[in-house]
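Those protein sequence lines, which keep their order, are chains A and B. My numbering puts the first sequence at residues 1 to 210. My numbering puts the second sequence at residues 1 to 229. All C-beta atoms in this analysis are idealised placements derived from N, C-alpha and C, irrespective of residue type, glycine included. Encoded as C-alpha cells, the structure appears first; notes follow it.
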Amino acid sequence: MIRNVLISAFLLAVFGLTGAALVATVHQGTQARIQANREADTLERLHAILPKGAYDNAIVQDTVHLSHPLLGGGERTVYRARRDGQPVAAVFSVMAHGGYAGDIRLLVGVMADGRIAGVRVVEHHETPGLGDGIEAAKSDWILGFDGRALGDPPREDWAVRRDGGIFDQFTGATITPRAVVEAVRDTLIYFGDHRDQVFAQNRQNPGEAP
Amino acid sequence: MSTRSYRRIVADGFWHNNPGLVQLLGLCPLLAISGTVVNALGLGLATTLTLVASNLSVSAIRNWVRPEIRIPVYVLIIASVVTAIELAMNAYFHELYLILGIFIPLIVTNCAIIGRAEAFASKNPMPRALVDALAMGLGFTAVLVALGGLREALGQGTLFAQAHLMFGDMARGLTLTLVEDYRGFLLAVLPPGAFIGLGLLLALKNAVDEHLERRAARRRAAMTEQPQT
C-alpha cells in the first residue's frame with residue numbers, strides 16, 4: 001500500500017521534473033530572442049511617431065519612469081529623444097481610463113517645444129468597427145493630433161465636437177475618441193508643467209536596464 | 001478500439017468525430033480566435049502541435065503510468081508542451097503571438113487535448129496516437145479556418161489579411177480583397193458572428209451527413225432489389 005503510494009509519488013515527481021526541464025531549456029533558448037522582439041516592437045512604435053533621423057541617442061534605453069494622475073496613474077514610461085545631448089522629444093506611454101471597454105494604452109510623442117509629434121494606440125479593447133477607428137491602421141483620425149499643442153487649439157477646445165471641441169468623434173462612438181483626446185490633452189498639460197523633470201538626465205539608477 | 005484502421009482514425013478526426021463540429025470541444029478558442037483566416041490557422045496549428053506532442057508522450061508512457069495518477073501526469077505533460085510552444089511562438093512568430101495572446105496559454109484548457117490523451121493515446125501505440133493527433137488537430141484547424149474564412153470574408157471583405165505575420169514578408173501579396181471599399185459587416189466580426197457562423201457550419205455538416213445517409217440507404221435498397229429484377 002505505502003509502496004504503491006511512494007511509486008506513484010515518485011512517478012509524478014519524475015514527470016514534473018521532466019516538464020520543468022523542458023520548459024527551462026526552451027526558455028533558455030528563446031529568452032534573448034524574445035527580449036529582442038520586445039525592444040524591436042517598442043522601437044518600431046516609437047519610429048511611427050519620431051522619424052529615425054530626428055535623434056541620435058538610444059531612445060529605448062533613455063527612459064524615465066514617472067507617476068502622475070494626468071498620465072493615467074501608475075508608473076508610466078517616458079522615452080526621451082535627444083540630439084547632440086539636446087532634448088528633441090519625449091514619448092509618453094500613457095493610459096486613458098475613459099474608454100468604452102477598459103483602458104486604452106497610448107504612446108504620445110511631444111516635441112521639446114510642446115507640439116505633438118504623433119499619437120499611436122498601443123492596446124485597446126474598443127468595439128471593432130465603432131471605436132477602433134483610433135488605430136492608425138483603421139483610420140487616419142489619430143493623425144489629427146500631429147503638430148497640435150496646448151494653445152493650438154486653445155485648451156478648452158481640446159475635446160470632441162460633441163463636447164464643443166474641435167476633434168471629430170466617430171459615428172456611433174463618442175466615448176472612445178473622447179477618452180483619447182482627454183488623455184492627449186492631459187499629457188500636454190503634464191509636459192507643460194514638468195518639462196525639465198521629463199528631460200532630466202538619469203541619475204544613474206541602479207534598477208534601470210543598461 | 002485498437003483495431004480501428006488508420007483510415008478510420010483519419011476520417012474520425014476530420015469528419016465523424018471532429019473536435020469542433022461533433023465533440024464540440026475547445027469552443028472557447030474556436031469562437032474567440034476565428035476572426036480571420038490567419039489567426040485561425042495560427043491557433044489551429046499550435047493546437048495540432050500540442051496534440052501531437054501530448055498524444056505521443058501519453059502513448060509512450062501508457063504502460064508505466066498508474067491509473068490513479070494519470071490525469072495529473074497528462075496535465076503536466078500538456079502544460080509543459082504548451083508553455084514551450086508559447087515561448088517558441090513568442091520568439092519566432094512574435095506578431096502572431098501578440099494577436100493570439102491569451103489563447104496560446106489557454107490551449108492547456110482545450111479539453112480536446114486531454115480528451116484525446118485519455119480516450120485514445122492512453123490505449124493505443126505511438127504510431128496510432130500520432131495519426132489520431134494529426135487527424136484531430138488538423139480537423140480542428142480545418143473548422144477554425146472555415147469559420148475564420150467565413151467571418152473574415154463577411155466581416156472585412158478580405159481573405160488571408162496579415163498573412164505576413166505567419167509566412168513572412170513574402171506572403172504580403174497573399175491577401176485577397178474580395179470586395180473593394182467594403183464597408184464591413186460588424187456582426188460577423190463580433191462574438192455573435194462566431195456563434196452564428198459555427199451554427200451554420202454545424203447545420204451544413206448535418207445536412208451533408210443526412211444527404212450521404214439517404215444516398216447510402218437508397219443504394220442499399222437498390223442492392224437488395226437487384227437480385228429480384
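Check your understanding: Hey, quick one: how far does the beta strand (DSSP E) through H47 of chain A stretch, first residue to last?
Key -> Careful: H47 of chain A lies outside any beta strand (DSSP E), inside the alpha helix (DSSP H) at I2 to I49.
Check your understanding: When the Cβ atoms of the region 22-33 of chain B are set against those of the region 153-160 of chain B, are three or more pairs found closer than 8 Å?
Key -> Not touching, per the Cβ criterion.
Review point. With a CB to CB cut of under 8 Å and the five nearest residues on each side skipped, what residues in its chain are close to V110 of chain A?
Key: A89, A90, V91, F92, I116, A117, T187, L188 and F191
Point to revise | Nonlocal neighbours in the same chain, by C-beta distance under 7 Å from H68 of chain A, ignoring five residues either side | key: Y190
Practice item. Excluding the 5 residues preceding and the 5 following E139 of chain A in the sequence, name in chain order all residues of the same chain whose CB lies nearer than 7 Å to its CB. Key: A small correction: the amino acid at residue 139 of chain A is Ser; Glu does not occupy that position in the sequence shown. The answer, listed in chain order, is G133.
Review point. Any residues in the region 29-47 of chain A with a beta carbon nearer than 7 Å to a beta carbon of chain B? Which ones, in chain order?
Key: Answer in chain order: T30, R33, I34 and N37.
Review point. Looking at the unbroken beta strand (DSSP E) that takes in Q86 of chain A, where does it start and where does it end?
Key: Q86 to A96
Practice item. With 8 Å as the threshold, decide whether the Cβ of G184 of chain B is near any Cβ in chain A. Key: yes
**Study point:** Euclidean distance between Cα positions of A24 of chain A and L17 of chain A
**Key:** 10 Å
Practice item. Select from A:D62, A:T176, A:Q61 and A:R45 the residue whose C-alpha is nearest the C-alpha of R162 of chain A. Key: Checked all of A:D62, A:T176, A:Q61 and A:R45; the closest Cα to R162 of chain A is A:T176.
Review point. Whose Cβ in chain A lies nearer than 8 Å to the Cβ of R66 of chain B?
Key: Within 8 Å Cβ-Cβ: N4, I7, S8 and L11.
Review point. Can you list the residues of chain B that P128 of chain A reaches, using a CB-CB cut of under 9 Å?
Key: Annotation: Cβ neighbours of P128 of chain A in chain B (cutoff 9 Å, chain order): G35, G155, G184, L186, V189 and L190.
Review point. Looking only at DSSP bridge pairs, what is E213 of chain B linked to?
Key: According to DSSP, E213 of chain B bridges with nothing at all.
Check your understanding: Got a sec? Which residues, its chain only, sit under 7 Å from G44 of chain B by beta carbon, not counting five neighbours each side?
Key -> F140, T141, L144 and V145
Review point. Rounded to a whole number of angstroms, what is the C-alpha to C-alpha distance between L176 of chain B and I69 of chain B?
Key: Rounded to the nearest angstrom, the two C-alpha atoms are 50 Å apart.
Exercise for review: Determine whether the Cβ of H27 of chain A lies closer than 8 Å to any Cβ atom of chain B.
Suggested key: yes
Check your understanding: Thinking C-alpha only, which one of A:A101, A:T42 and A:L70 is nearest Y79 of chain A?
Key -> A:T42
Exercise for review: Would you mind working out which of A:R45, A:R185 and A:T171 sits nearest P154 of chain A, comparing C-alpha positions?
Suggested key: A:R185
Point to revise | C-alpha gap between I61 of chain B and L130 of chain A, whole angstroms | key: 52 Å
Check your understanding: With 16 as the cutoff for other CB atoms within 10 Å, does S5 of chain B come out buried or exposed?
Key -> exposed
Practice item. Say whether the region 96-103 of chain B touches the region 46-62 of chain A, bearing in mind that this needs 3 or more beta-carbon pairs closer than 8 Å, one atom from each stretch. Key: Touching, no.
Point to revise | Partners in chain B for V23 of chain A, counting only beta-carbon separations shorter than 7 Å | key: S80, T83 and A84
Exercise for review: With DSSP as the reference, label Y79 of chain A as helix, strand or coil.
Suggested key: strand
Review point. Within 8 Å (strictly less), CB to CB, does F15 of chain A reach chain B?
Key: yes
Practice item. Tell me whether W64 of chain B is buried or exposed, calling it buried when 16 or more other Cβ atoms sit within 10 Å of its Cβ. Key: exposed
Point to revise | Buried or exposed by the 16-neighbour rule on C-beta atoms within 10 Å, applied to L138 of chain B | key: buried
Practice item. Rank B:G26, B:A11, B:Y74 and B:W15 by C-alpha distance to the C-alpha of L204 of chain B and give the top, closest one. Key: When each option's Cα is compared against that of L204 of chain B, the closest is B:W15.
Review point. Going by DSSP, what residues sit across from E123 of chain A in a beta bridge?
Key: In the DSSP assignment, E123 of chain A is bridged to A:R105.
Exercise for review: Tell me whether H124 of chain A is buried or exposed, calling it buried when 16 or more other Cβ atoms sit within 10 Å of its Cβ.
Suggested key: Burial is judged here by how many other beta carbons sit within 10 angstroms of a residue's own beta carbon; H124 of chain A has at least 16 and is buried.
Exercise for review: Would you verify that the beta carbon of G102 of chain A is, or is not, closer than 8 Å to some beta carbon of chain B?
Suggested key: no
Review point. Quick one: is R178 of chain A buried, meaning 16 or more other Cβ sit within 10 Å of its Cβ, or exposed?
Key: buried
Review point. Cβ of G133 of chain A less than 8 Å from any chain B Cβ?
Key: no
Exercise for review: Report back the beta-carbon spacing between G259 of chain B and A135 of chain B to the nearest angstrom; my notes put them in contact at under 8 Å.
Suggested key: The question about residue 259 of chain B has no answer here: the residues shown for chain B are numbered 1 through 229.
Exercise for review: Grab me the residues of Q162 of chain B's own chain with a C-beta within less than 6 Å of its C-beta, minus the 5 sequence neighbours each way, in chain order.
Suggested key: V38
Review point. Ordered along the chain, which non-local residues of its own chain (more than five positions away) have a Cβ less than 7 Å from that of P19 of chain B?
Key: L25, G26, A112, M136, G139 and F140
Practice item. Could you spell out where the alpha helix (DSSP H) holding L106 of chain B opens and where it closes? Key: According to the DSSP assignment, L106 of chain B belongs to no alpha helix (DSSP H), since it is labelled neither H nor E.
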